[in-house]
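Its first residue numbered 1, the sequence shown is counted upward by one per residue in the UniProt record's numbering. For reference, the structure is listed below as structure tokens.
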Amino acid sequence: MALMFFNGGAMRGEPLHHLLAGSPFVTTAKTAPKYRFYAVGDQCPALYPVSHGGASVTGEVYDVSLDALRDKVLPSEPHELELGVVELADGSSAFAMLLRRPYTSHVALRDITEIGDWRAFKASA
């Protein structure tokens, strides 16, 4: 099992939450303030690590089996994202989906770092 930080469509009440069936919810969490936060085509969120100018982002942590990660979660992610590791506010680490580096997609990015919460961004759009 692996701890995974979700900050978009797989969180509770969101359309992709069914992908986490059987994966125990661990806690709500925030990242350390080391990330820029983007809306990719206004369809999904993406974290991008930075050395300065970052902020905390709200999400949920789940204990996901590597099989579920391989068979359900990763195949559902857009190609603009890649698996990485983030630092949480408490100093611990978790897997998360990050903006692919280098970013080669033609899909527009909107910086939503000041909002820091995908649900709040969707409510304001």
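Every residue, glycine too, gets a C-beta built ideally from N, C-alpha and C.
When rounded, the separation of the alpha-carbon atoms in D111 and W118 is 12 Å. The Cβ atoms of F6 and E60 lie closer than 8 Å to each other. Counting only residues of its own chain and dropping the five nearest sequence neighbours on each side, M11 has a CB closer than 6 Å to the CB of E60.
Across the structure, S105 and E114 are spaced so that their CA atoms are roughly 23 Å apart.
Within the DSSP bridge table, the entry for Y62 names M4, F25 as partners. Membership of S56 in any beta strand (DSSP E) is not indicated, and neither H nor E is assigned to it by DSSP. In the DSSP assignment, S124 falls within the unbroken alpha helix (DSSP H) covering 118-124. According to the DSSP assignment, A46 belongs to the beta strand (DSSP E) that extends over 44-49. C44 and G8 have their C-alpha atoms roughly 6 Å apart. Note: V85 is bridge-paired with F95 in the DSSP secondary-structure output.
Under the criterion of beta carbons closer than 8 Å, V50 and S23 do not qualify as touching, at roughly 29 Å. Apart from sequence neighbours up to five positions away, the residues of its chain that approach P33 with a beta-carbon distance below 7 Å are G54, A55, S56, ordered along the chain.
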